[in-house]
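Residue numbers (this note's numbering): -6 to 169. Virtual Cβ for every residue (Gly too), placed ideally from N, Cα, C. Reviewing the structure listed below.
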Amino acid sequence: MKTVLMIAAAAVLGACATSPMMMKVDNAALPEAVRVPAGQKLMMTTSATGEITYECREKKDTAGAHEWAFVGPVATLYGADKKMVGKYYAGPTWEAADGSKVTGKQVAVAPAKPGSIPLQLVKADPAMGAGAMTGVSYIQRLNTKGGVAPAMACDAMGKGKRQVVAYEADYVFYGM
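Structure representation (structure tokens):
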């Protein structure tokens, strides 16, 4: 009998260890600027691994000065089980593996760890296509790592040159 109970307990623990679980987000612990409005419900959490492209361009309103300008991101979105669930690209656009997608407009940013792109809150436009993105109203970018503009010089000689920088982040999707 003891052996049967031990086997059953091991099976239950094993199932819990392999089932996908959503990341918990404590909005009260986040910077106020990137908190979702009251009443929003967590729909989905994803981890992203990708790249951000920057281009050396002349600064606006500063003749002769140059800077690394954001061009756009490309990332793969993963579920808690580490399986690909979608992609993220310029727009900004989040596209689920089922073909549904959502775009949005940045509402706010907040500082992240040094060397990392800021945390972000985006208000979503209505989803295109039925699926995982249906009903999404806000997206947060949290736990960022990397992705900042290159540290190398950007000057007239390098104008037009592009650099790709790796980044990681969690994207958290909310709906009503």
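query	result
Cβ neighbour criterion (16 or more within 10 Å) applied to alanine 162	buried
Selected residue, minimal CA-CA separation from glutamate 44, among Ala159, Val165 and Tyr167	Ala159
Whether valine 64 touches threonine 46 by CB criterion (7 Å)	yes
Spatial distance of alanine 142 from glycine 79 (CA atoms)	25 Å
Alpha-carbon spacing of glycine 140 relative to alanine 68, whole angstroms	11 Å
Among Ala56, Tyr131, Thr137 and Thr127, nearest to arginine 28 - alpha-carbon criterion	Tyr131
Three-way DSSP call (helix, strand, coil) for valine 29 in this model	coil
Residues that methionine 37 bridges to, as DSSP identifies them	Phe166
Bridge partners - cysteine 173, DSSP secondary structure assignment	Within the shown structure, residues of the chain are numbered from -6 to 169, placing residue 173 beyond reach of any answer.
Nearest-angstrom Cβ-Cβ length linking serine 93 and glycine 124, presumed shorter than 8 Å	3 Å
Buried versus exposed, by CB contacts within 10 Å (16 or more), glutamate 88	buried
Close beta carbons around valine 102, own chain, < 8 Å, minus the five adjacent residues each side	Ala26, Val27, Pro111, Leu112, Gln113 and Leu114
Identity of the residue in Leu23, Asn20, Met15 and Ala58 nearest glycine 151 by Cα	Ala58
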